[in-house]
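Student: Can you keep this structure in mind? I'll have questions shortly.
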Amino acid sequence: MPLSEHEQRLFEQIERSLAEDPKFASAVRASDPRFQTRRRLLVAAGVVVIGLALLVYGAVIKTPPLAVAGFVVMLAALGYGVQSHRRAQSPDLHVVGGTTSRRRPRGRAGRRSSILDRMEDRWRQRPEGHR
């Protein structure tokens, strides 16, 4: 449904006033999930570098506990980065056809029910003349 001319003018006025407000722009940017994901990935990359440095330093000075600690830090940072990336790729809420619904939990029961749901949808959408 298109907006009336009055609504379009109001909308453009609101856009202009919001574009000029730097506090609002930074608040919106800070709450943007893409910005948060990018920040998490950068933090994870930095911690991976620190872990690698600990690992190399521990190996050079022949201190195995320090090298192992560096490896564990590196591994944890990689896990955090991968988890952040996966969370960004598959959000908990998704919109399908204008309605919002929660995703089902991953697992055997979740997969089985989604297959059954798809089969049921296909059955409902089949042509009426074919049985």
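So for the sequence shown, numbering that gives the first Met the number 0 puts the first residue at 0; every next one is plus one. All C-beta atoms in this analysis are idealised placements derived from N, C-alpha and C, irrespective of residue type, glycine included.
(1) Tell me which same chain residues have a C-beta within less than 7 Å of the C-beta of M73, skipping the five on either side of it?
(2) For a quick check, are the C-beta atoms of G57 and G69 less than 7 Å apart?
(3) Can S3 and L40 be called in contact, C-beta distance under 7 Å?
(4) Just the C-alpha distance for P32 and Y79, rounded to the nearest angstrom, thanks.
(5) Look up L2 in the DSSP assignment and say whether it is helix, strand or coil.
(6) For S89, which of R8, A18 and T36 has the nearest alpha-carbon?
(7) When you compare only the Cα positions, how much space is there between A87 and V81?
(8) So, using beta-carbon positions, are A76 and A43 closer together than 7 Å?
(9) Identify the continuous alpha helix (DSSP H) that holds R33 and give its terminal residues.
Tutor: Taking the geometry as given:
(1) V47, G50, L51 and L54
(2) yes
(3) no
(4) 16 Å
(5) coil
(6) T36
(7) 10 Å
(8) yes
(9) P32 to V59
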